[in-house]
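For the sequence shown, this note's numbering assigns the number 140 to the last residue and increments by one with no breaks.
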Amino acid sequence: MESADYKVRLDIFEGPLDLLLYLIKKDEVDIQSISIERITKQYLDYIDTFKMLNIDLASEFIVMAANLMYIKSRTLLPKSVMPPEEDVEEDDPRWELIRQLIEYKKFKDAAGFLSRKETEQEDFFAHMPEKTAPPVDEDE
Numbered sequence: 001m002e003s004a005d006y007k008v009r010l011d012i013f014e015g016p017l018d019l020l021l022y023l024i025k026k027d028e029v030d031i032q033s034i035s036i037e038r039i040t041k042q043y044l045d046y047i048d049t050f051k052m053l054n055i056d057l058a059s060e061f062i063v064m065a066a067n068l069m070y071i072k073s074r075t076l077l078p079k080s081v082m083p084p085e086e087d088v089e090e091d092d093p094r095w096e097l098i099r100q101l102i103e104y105k106k107f108k109d110a111a112g113f114l115s116r117k118e119t120e121q122e123d124f125f126a127h128m129p130e131k132t133a134p135p136v137d138e139d140e
């Protein structure tokens, strides 16, 4: 999401949704203190206020909200006893979120790069070559 777009406003956090997900991933914000219902209501109010639905923005929100719900639901489930040789990171739902955030950042950076290039190039125009008349045959 663009920084000028939808912002989450909670008692413990205010800012972009992708930053909230990053902080949850880093254990700097407790997922249990997040109201997904409140985030969703704020987003629906945001859409209603501007009377528009940006499909890209909506799809980003849905993916991030789904990840929040997945992480929160996993933390509510009882922990199963795992054999010591199993890697704990593979069972942690936050690792999938980390992977998705890294992938999301790549696309966000690429979009920003392309946007800057478009801005830089908008004052330049291609010069079309002049059409030259075909040579006239003097014998005719």
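Note that beta-carbon positions come from the ideal geometry of N, C-alpha and C, so glycine has one too.
CA-to-CA, the gap between I62 and F107 works out to about 17 Å. Ranked by Cα distance from I102, the first of L77, M64, A133 is M64. Secondary structure at V8: strand, using DSSP grouped into helix, strand and coil.
The Cβ atoms of I98 and K25 sit closer than 8 Å to each other. Closest by C-alpha distance to E37, out of D27, R9, N54, L19, is R9.
Annotation for I12: V29, S33 place their beta carbon closer than 7 Å to its own, counting only its chain and skipping 5 residues before and after. Just so you know, the alpha carbons of D123 and L23 end up roughly 40 Å apart. If the five residues before and after N67 are omitted, its C-beta is found closer than 6 Å to the C-beta atoms of L97, all from its own chain and listed in chain order.
Pairing Y104 with D27 gives a Cβ-Cβ distance that is not under 8 Å. Between Q42 and H127, the alpha-carbon positions lie close to 49 Å from each other. Straight across, the Cα-Cα distance linking L77 with Q100 is about 22 Å.
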